[in-house]
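Position 168 of the sequence shown, counting from 1, maps to 168 under full-length UniProt numbering, and the rest follow consecutively. All C-beta atoms, glycine included, are put in the ideal place defined by N, C-alpha and C. Down below is the structure, laid out as structure tokens.
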Amino acid sequence: MSVRALSFLAAGAVLLIAGCSGGGSDPVPSSAAAPPPSVVATQSSAAPSSTAPPTTSTRSSPTDDAVRRYETFLHAVGREDLATACEIAAPAAKKAEDEGLGPCEQTFPITFQMISAAQKTALKSAVVDRTGIKVDSAKKVEIPARAVVAAVRFTDEDLGDAVLEYQGGQWYVTD
Numbered sequence: 001m002s003v004r005a006l007s008f009l010a011a012g013a014v015l016l017i018a019g020c021s022g023g024g025s026d027p028v029p030s031s032a033a034a035p036p037p038s039v040v041a042t043q044s045s046a047a048p049s050s051t052a053p054p055t056t057s058t059r060s061s062p063t064d065d066a067v068r069r070y071e072t073f074l075h076a077v078g079r080e081d082l083a084t085a086c087e088i089a090a091p092a093a094k095k096a097e098d099e100g101l102g103p104c105e106q107t108f109p110i111t112f113q114m115i116s117a118a119q120k121t122a123l124k125s126a127v128v129d130r131t132g133i134k135v136d137s138a139k140k141v142e143i144p145a146r147a148v149v150a151a152v153r154f155t156d157e158d159l160g161d162a163v164l165e166y167q168g169g170q171w172y173v174t175d
């Protein structure tokens, strides 16, 4: 896939990727990561709540973890949370930076300016329709723009497809 595939906006594609440089191939995990299985197991053994969805397992699937991580990325972009967006997209940003583009902290704010207020608001609560994703392996998931469900409809032109890969114990946007 090309650098454009990661674009948030077709015109801001290069900015998105370049704007997320977080370092090498083994970035520091985000504080937004899912709780460890022992915490999940403890939580699921408590009395059921009327608002909590039923669970069939104490462990989530790799696909669920990747989707949650991408949703965290989308929410961060909606909030203009530079640190979180750059951390989750660090491997993709590193590729772009190696191609001569600037580091995330310098270029991603330009992308924030290119996103409309309505799009930012929609991204804050966007979710991914799991039926629309492609699972390449237990360590690679492709999420097309059409799988993003939000109050504003996103297309390939304004929200590029994303590839997430499992690296160093966490999911990252890699392309």
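Is the separation between the beta-carbon of residue i and that of residue j shorter than 8 Å?
i           : j      : result
Thr145      : Phe154 : A small fix is needed here, since residue 145 is Ala in this sequence, not Thr. Yes; because the gap between Cβ atoms is below 8 Å, this pair is in contact.
Val173      : Arg130 : no
Leu159      : Val148 : yes
residue 203 : Trp171 : This structure does not reach residue 203, given that the chain is present from 1 up to 175, and the question cannot be answered.
Ala85       : Ser125 : no
Val152      : Ala118 : yes
Ile143      : Val127 : no
Strictly by DSSP, which residues pair up with residue i?
i      : result
Glu142 : Lys134 and Val163
Val149 : Val127
I need the boundaries of the beta strand (DSSP E) containing residue i, first residue and last residue.
i      : result
Val173 : Gln170 to Val173
Skipping 5 residues on each side, what residues in its chain have a beta carbon closer than 6 Å to that of residue i?
i      : result
Ala83  : none
Pro109 : none
His75  : Lys124
Asp156 : Ala145
Return the first residue and the last residue of the alpha helix (DSSP H) that residue i is part of.
i     : result
Asp64 : Pro62 to Arg79
Between residue i and the rest of its own chain, which residues show a CB-CB distance below 8 Å, the 5 nearest in sequence each way excluded?
i     : result
Thr63 : Arg130, Ile133, Val135 and Val141
For residue i, I'd like the list of residues in its chain whose CB is within less than 7 Å of its CB, leaving aside the five on either flank, ordered along the chain.
i      : result
Phe112 : Glu80
Ala138 : Pro62
Arg69  : Ile88, Leu164 and Trp171
Jot down the residue ranges of each uninterrupted alpha helix (DSSP H) in the segment 86 to 127, minimum 4 residues, whole runs only, in chain order.
90 to 98, 104 to 114 and 117 to 123
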